[in-house]
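If you count the sequence shown from 1, position 134 lands on 135 in our numbering, and the numbers rise without skipping.
Shown next, in structure tokens, is the structure this report addresses.
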Amino acid sequence: MKLAVIGAGKWGQALYHAFSQKNDVVITSRSHKDIPHFVSMKEALEYEYLVIAIPAQAVRGWLEENFVDKGQKILVAAKGIETATGSFLNEIYGEFVDADRLAFISGPSFAAEVQKSLPTALVISSTNLELAKTYADALPEYIRGYVNDDVIGEEVAGAYKNVIAIAGGVCDGLKLGNNARAALISRGLVEMTRFGEAFGAKTETFLSLGGAGDLFLTASSTLSRNYRVGIGLAQGKKIEDILEELGEVAEGVPTAKALYLLAKQKEIYLPIATEVHAMLEEGKDPRQSVRDLLG
């Protein structure tokens with residue numbers, strides 16, 4: 002299988018490493034990087050199979066500026082909701098590519114561990130299950146690939162868990178204990194399920210790898226960028242300083258705003274996401290957010 006990875010951040014490079022085990026793979030990004038098999042964007046877009054690992058907030062701009070539809074099949078490797086419009090990634094890509102040529106990868110997967118070839122299980126969702134299976138079969142032996150057709154459910158879970166991960170970091174940063182973290186994560190799972198169901202997602206998706214699996218991983222480990230954002234908030238740091246120290250994209254930050262706006266439009270009760278939004282956008286004291294959640 003000939004495949005091009007677009008986006009050479011940590012996740013893009015991890016996926017390049019994974020797919021390279023069994024396939025002929027190249028990688029590209031907006032700016033040149035001195036890594037093996039790096040090609041120009043123009044050359045990468047000639048490949049039939051693409052893996053696009055561009056952060057959610059940058060996707061629309063990249064598509065408008067770079068993408069030329071030549072019948073490519075695309076595996077979307079980002080998690081988030083566009084803040085400006087409240088659009089899900091399948092909706093944004095759907096403006097440029099037919100749905101049956103789109104697939105989405107999700108599940109509990111830190112880039113650093115995928116890069117080390119450690120055992121991992123992932124989900125590839127698509128309305129075209131044959132395409133999902135094609136990408137799943139291209140994964141290396143150390144990654145077990147599952148497929149399903151609940152694109153919106155996997156998208157909501159992948160985006161929402163980053164917001165709960167920020168809350169998890171706040172919880173641990175304030176040293177609230179294991180009981181509090183367990184309560185937070187379990188209620189976070191209920192909350193993301195409620196939100197997903199409002200958009201037609203399947204309930205069982207949130208109890209699988211892409212839902213509970215990814216949530217449990219991301220909301221309790223310092224390998225998670227969003228979790229580290231929460232720790233910084235608990236330490237009283239400003240979000241601008243936290244993100245500068247991080248030096249990487251933390252998708253949970255813009256996604257919290259998108260969730261807040263969508264919840265207001267659809268009148269969905271999202272207490273944890275609302276408190277995360279208040280801490281990020283209004284500078285609310287994390288201790289007060291905890292008190293309000295307990296109340």
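All C-beta atoms, glycine included, are put in the ideal place defined by N, C-alpha and C.
Taking a cut-off of 8 Å on C-beta distances, the segment 100-111 touches the segment 121-136, as three or more cross pairs fall below it. DSSP places Y48 outside both helix and strand once states are collapsed to three, so it counts as coil.
Distances from the CA of L271 to each of P287, F196, G284 were compared; the closest alpha carbon is that of F196. Sorting G212, I240, E245, G253 by C-alpha distance to the C-alpha of S225 places G253 at the top.
Setting aside the 5 residues that flank it on each side, V52 is surrounded in the same chain by V6, L16, L76, A78, each with a C-beta closer than 6 Å to its C-beta; the list follows chain order. Residue burial annotation: D215 is buried, with at least 16 other C-beta atoms found within 10 angstroms of its C-beta.
Counting C-beta pairs with one atom in each stretch, the segment 78-87 and the segment 275-292 have fewer than three that are closer than 8 Å, which means they do not touch. Under the 10 Å beta carbon count, G296 is surrounded by fewer than 16 other beta carbons and is classified as exposed.
Of the residues D35, I232, N91, the one whose Cα lies closest to the Cα of K176 is I232.
Rounded to whole angstroms, V26 and Q14 show a C-alpha spacing of 11 Å. Here the alpha carbons of E83 and A160 stand approximately 10 Å from one another. Between G8 and A45 the beta-carbon gap is near 10 Å, outside 8 Å, which marks them as no contact.
Under the 10 Å beta carbon count, V230 is surrounded by 16 or more other beta carbons and is classified as buried. Collapsing the DSSP output to three states places A112 in a helix. With fewer than 16 other Cβ atoms from the protein chains shown falling within 10 Å of its own Cβ, G201 counts as exposed. For secondary structure counted as the beta strand (DSSP E) over 3 or more consecutive residues, the segment 61-133 holds these complete runs in sequence order: 74-77, 103-107, 121-126. When only Cα atoms are considered, G154 and K11 end up about 25 Å apart. Restricting attention to R61, L263, N180, E282, the CA atom closest to the CA of M193 is found in L263.
At the C-beta level, G62 and T256 stay beyond 8 Å of one another. Per the coordinates, the alpha-carbon of G169 lies some 26 Å from the alpha-carbon of K267. The criterion of a C-beta distance shorter than 8 Å is not satisfied by N227 and A199. Taking the Cβ atoms as the reference, R182 lies roughly 5 Å from C172, within the contact range of under 8 Å. Per DSSP, the beta-bridge partners of K3 are D25. Cα atoms of A235 and P287: separation of roughly 6 Å, rounded to the nearest angstrom.
Within the segment 220-251, the complete alpha helix (DSSP H) segments of 4 residues or longer fall at 226-235, 240-247, listed in chain order. Around the beta carbon of A100, fewer than 16 other beta carbons sit within 10 angstroms, so the residue counts as exposed. In the DSSP assignment, V148 falls outside any alpha helix (DSSP H) and lies within the beta strand (DSSP E) extending over 144-149. Counted as a single uninterrupted DSSP element, the alpha helix (DSSP H) harbouring D173 occupies residues 152-174. In the structure shown, F20 falls within a helical segment according to DSSP collapsed to helix, strand and coil. In terms of Cβ geometry, G212 and L185 do not form a close pair [threshold 8 Å].
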